[in-house]
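For what it's worth, full-length UniProt numbering labels the leading residue of the sequence shown as 1, then goes sequentially.
From the three backbone atoms N, C-alpha and C, an ideal C-beta is built for every residue, glycine too.
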Amino acid sequence: MSYADVYQSWTSDPEAFWMEAAGAIDWARPPSRALDDSNAPLYEWFTDGMVNTCYNAVDRHVENGRGDQIAIIHDSPVTGTVRKISYVELRNRVAMLAGALRAKGVEKGDRVIIYMPMIPEALEAMLACARLGAIHSVVFGGFAAHELAVRIDDAKPKAIIAASCGIEPGRVVHYKPLLDGAIEQAHHKPDFCVIFQREQEVAHLEEGRDVSWHGFQFGVEPAECVPVEGNHPAYILYTSGTTGAPKGVVRPTAGHLVALNWTMKNIYDVDPGDVFWAASDVGWVVGHSYICYGPLIAGNTTIVFEGKPVGTPDAGTFWRVISDHKVKSFFTAPTAFRAVKREDPKGEYLKKYDISCLKKIYLAGERADPDTINWAKDKTGLPIIDHWWQTETGWAIAANPAGIEMLDIKVGSPSVAMPGYDVQILDEAGHPMKPGELGAIAVKLPLPPGTLPTLWNAEERFRKSYLTTFPGYYETGDAGMVDGDGYLYIMARTDDVINVAGHRLSTGAMEEVLASHTDVAECAVIGVTDELKGQLPLGFVCLTKGVNRPYDEITAECVKLIRDQIGPVAAFKLAVVVDRLPKTRSGKILRATMVKIADSESFKMPATIDDPEILDEIAEALKSIGYARDKTPA
1 MSYADVYQSW
11 TSDPEAFWME
21 AAGAIDWARP
31 PSRALDDSNA
41 PLYEWFTDGM
51 VNTCYNAVDR
61 HVENGRGDQI
71 AIIHDSPVTG
81 TVRKISYVEL
91 RNRVAMLAGA
101 LRAKGVEKGD
111 RVIIYMPMIP
121 EALEAMLACA
131 RLGAIHSVVF
141 GGFAAHELAV
151 RIDDAKPKAI
161 IAASCGIEPG
171 RVVHYKPLLD
181 GAIEQAHHKP
191 DFCVIFQREQ
201 EVAHLEEGRD
211 VSWHGFQFGV
221 EPAECVPVEG
231 NHPAYILYTS
241 GTTGAPKGVV
251 RPTAGHLVAL
261 NWTMKNIYDV
271 DPGDVFWAAS
281 DVGWVVGHSY
291 ICYGPLIAGN
301 TTIVFEGKPV
311 GTPDAGTFWR
321 VISDHKVKSF
331 FTAPTAFRAV
341 KREDPKGEYL
351 KKYDISCLKK
361 IYLAGERADP
371 DTINWAKDKT
381 GLPIIDHWWQ
391 TETGWAIAAN
401 PAGIEMLDIK
411 VGSPSVAMPG
421 YDVQILDEAG
431 HPMKPGELGA
441 IAVKLPLPPG
451 TLPTLWNAEE
461 RFRKSYLTTF
471 PGYYETGDAG
481 MVDGDGYLYI
491 MARTDDVINV
501 AGHRLSTGAM
511 EEVLASHTDV
521 AECAVIGVTD
531 ELKGQLPLGF
541 VCLTKGVNRP
551 YDEITAECVK
561 LIRDQIGPVA
571 AFKLAVVVDR
581 LPKTRSGKIL
591 RATMVKIADS
601 ESFKMPATID
611 DPEILDEIAE
621 ALKSIGYARD
631 KTPA
């Protein structure tokens, strides 16, 4: 079947489409129907089915005779170690951990916070919770104590599972003091904490509260899988909210299983036994969907990578991992490739490795600029496939369905809507727009299986955040357009569409132009307040390694590029060279914070920021071009 056939089969009979997809999952009690619309516009899926995520991700592969296959490869350049865990070993380890948690009172519906680095034990903790029907919430390892405390108070966990430390290039990140500080700040107190002691740091355990990972498993009975209702939450994943309070995205069990299993073949084109690598972190949605759950549900081998795209030890680390472990499909963020490109623009490191095993490279997490895509394609000779999704959806809204039919790649587009998503471009009044017109991207309800049905303990906030602006639609918060072939283009967050003297302009389109400059490795464009025109675009550019030219020459060329390719209407006159851009740990550029600095507004230090000192550098860069503003974090 072609993509058009598959999408049409969903359009004509969504119920039959998803019930057929559900047939690939092992149920304790199969559902009698797919969609539950009894509480519309809050839709749920497979609600009367009974199922267990851990059974589908681990046990069934062992029972089907594939227990000796490697389930997890842990490749850790920061510690110089590689570990491999088979499916039968994974089942036994997870069953024992679940048994130990159960012995200390963790049951179906209880919450467990997981605060760990990129080690296999993080996945084992997630799976052990799923085995019991407990609801896990992974908090990115190394998050500040206050942010962890906020999540403790919202999720109210019975237990917290943490590691003694994380390891970054050149330093050890002490997790235990952060955890102790968070528990002290939080109003809610967990019954107990499980600490996985790493050899790089053995942490002090609080008597009466803390137990060691290995110690508390002695003498317990391994736990069997507990079937749960289809709409039972598998996990809560907190995403930054515009109010500063985190939003707890709820992931329902059955829809999550069905959707992720469908994507592994149809989008990522991998079969059971193939090696799949998503170079992300379990603290983010990509880590949940495509390091832990998706590959294991589909019977793949998944890679847990504890390192960076550059610096552990060099810009060739991605290629080494792919070569060493025979990766077939590779998924990373555009920012990672930009880092590699900046350090190794000619691809010299790539020549050292045989990556003939690799068939496709997938990008997501932010807009993939054409320059980065073209560089990666030129250097690897492989399809570079952009796709677009969100923490809230858990899997791709738009993608190139390579396992069904490899569509033409249009650089700058994540391709087409996936089954389950009726994507529309709407104006501010909610009316559909014509092909090529920039508008708000919305998805007609109901959203497909696996997407968020609500926010944890915040139904009204869910309605207000996603369902109110365009009744009958899910508001994505992104702006873009669709071309005449149905290809979607994500141009910016809705907040990043700026209004220059009445003209609505996409900062993303300007970033594409700046990124095409031969000396620019990375860039960001923000809209700053202007008394005359309302807003003006301001560009920040990071230069490729080895560039040694006057900065004012480069910025003048950048201004001319925008004028030539977008036109005088953009009023682009402000550009500055910076060494780096402020980002979240997942690689998203903190444009909204940069705008606040430029406009002298107070702001809350973003919880997810990778290095707060960069904000001072941004403020200094603005002063250097006569745009003097004071940084005043709230």
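Backbone secondary structure at residue i - three-state DSSP
i: Lys631; result: Residue confidence is low: Lys631 scores 41 on pLDDT, short of 50, so the model does not pin down where it sits. Its coordinate-derived value is still stated next. Lys631 falls in the coil class under three-state DSSP.
i: Gln424; result: strand
i: Trp213; result: coil
i: Asp26; result: coil
i: Gln367; result: A quick correction: the sequence has Arg, not Gln, at residue 367. Coil, per DSSP.
i: Cys225; result: coil
i: Tyr175; result: helix
i: Ile441; result: strand
i: Gln535; result: strand
i: Asn52; result: coil
i: Ile409; result: coil
i: Phe603; result: strand
i: Met116; result: coil
i: Ala398; result: strand
i: Val6; result: helix
i: Asp154; result: helix
i: Asn300; result: coil
i: Trp388; result: strand
i: Ser38; result: coil
i: Gly219; result: coil
i: Phe140; result: coil
i: Arg493; result: strand
CB contact below 8 Å: residue i versus chain B
i: Val520; result: Among the chains in the structure shown there is no chain B, since it carries only a single protein chain.
Beta-carbon spacing of residue i, residue j below 8 Å
i: Pro334; j: Gly299; result: no
i: Val528; j: Val595; result: yes
i: Leu296; j: Ala57; result: yes
i: Asp75; j: Phe305; result: yes
i: Pro582; j: Leu615; result: yes
i: Asn261; j: Ala24; result: yes
i: Tyr293; j: His256; result: yes
i: Val270; j: Lys326; result: no
i: Phe169; j: Lys351; result: At residue 169 the sequence reads Pro, which differs from the Phe that was named. In this structure, Lys351 does not lie closer than 8 Å to Pro169 by Cβ.
i: Tyr238; j: Arg251; result: no
i: Val497; j: Ser506; result: yes
i: His188; j: Lys156; result: yes
i: Gly283; j: Gly141; result: yes
i: Ile119; j: Ala162; result: no
i: Trp319; j: Tyr268; result: no
i: Asp610; j: Thr584; result: yes
i: Ala278; j: Val286; result: yes
Pick from the options that is closest to residue i, judged by C-alpha positions
i: Ala556; options: Ala396, Asp519, Arg585, Val88; result: Asp519
i: Val226; options: Tyr235, Tyr55, Arg320; result: Tyr55
i: residue 636; options: Lys176, Pro246, Arg461; result: What is shown of the chain runs 1 to 634, which leaves residue 636 out entirely.
i: Val62; options: Ile85, Leu581, Lys410; result: Ile85
i: Lys265; options: His232, Lys360, Val285, Ile409; result: Lys360
i: Asn499; options: Glu366, Glu531, Ala245; result: Glu531
i: Lys247; options: Arg102, Ala607, Leu101; result: Ala607
i: Ala34; options: Val258, Asp110, Lys108, Tyr87; result: Val258
i: Leu538; options: Val172, Gly105, Gln390, Ile618; result: Ile618
i: Ile183; options: Val173, Phe216, Ala145; result: Ala145
i: Gln535; options: Tyr87, Val547, Pro448, Lys573; result: Lys573
i: Ala399; options: His174, Tyr421, His136; result: Tyr421
i: Arg580; options: Pro550, Glu620, Arg563, Glu601; result: Glu620
i: Thr263; options: Lys444, Leu179, Ala22, Ala16; result: Ala22
- Message: I'd like the ranges of any beta strand (DSSP E) spanning at least 3 consecutive residues and lying wholly in the region 446 to 485.
- Response: Listed in chain order, the complete beta strand (DSSP E) runs (minimum 3 residues) inside the region 446 to 485 are 473 to 482.
- Message: List, from N- to C-terminal side, the alpha helix (DSSP H) runs of 4 residues or more that fit wholly inside the region 304 to 366.
- Response: Complete alpha helix (DSSP H) runs here, min 4: 317 to 325, 334 to 343.
- Which runs of the beta strand (DSSP E) spanning at least 3 residues fall entirely within the region 518 to 593, listed in chain order? Those beta strand (DSSP E) runs which fall completely within the region 518 to 593 and span 3+ residues are 520 to 530, 534 to 543, 574 to 577.
- Query: Do the region 86 to 103 and the region 32 to 43 meet, that is, are 3 or more Cβ pairs less than 8 Å apart?
  - Reply: They do not touch, by the three-pair rule.
- Query: Quick check: the region 432 to 451 against the region 476 to 493, are there 3 or more CB pairs under 8 Å?
  - Reply: Contact holds: three or more Cβ-Cβ distances are below 8 Å.
- Taking contact to mean at least 3 C-beta pairs separated by less than 8 Å, is the region 205 to 212 in contact with the region 109 to 123? Below 8 Å, too few C-beta pairs join the region 205 to 212 and the region 109 to 123 to call them touching: fewer than three.
- Please confirm if the region 125 to 132 is in contact with the region 150 to 158, defined as three or more CB-CB distances below 8 Å between the two stretches. These segments do not touch.
- the region 2 to 11 in contact with the region 398 to 411 per 3-pair CB rule at 8 Å: The region 398 to 411 and the region 2 to 11 touch, with three or more beta-carbon pairs separated by less than 8 Å.
- Sequence ranges, beta strand (DSSP E) only - wholly within the region 247 to 280, length at least 3: Counting whole runs of 3 or more residues, the region 247 to 280 contains the beta strand (DSSP E) stretches 247 to 252, 275 to 278.
- Task: Counting only runs of 3+ residues fully inside the region 43 to 91, write out the beta strand (DSSP E) ranges in chain order.
- Result: If we require 3 residues or more, the beta strand (DSSP E) runs fully inside the region 43 to 91 come out as 70 to 76, 81 to 86.
- Pair every Cβ in the region 408 to 427 with every Cβ in the region 436 to 450, then say whether three or more of these pairs are closer than 8 Å. By the Cβ criterion, the region 408 to 427 is in contact with the region 436 to 450, since at least three pairs of Cβ atoms, one from each stretch, lie closer than 8 Å.
- Query: Counting pairs of Cβ atoms below 8 Å between the region 311 to 319 and the region 337 to 351, do you hit three or more?
  - Reply: Yes: at least three Cβ pairs fall under 8 Å.
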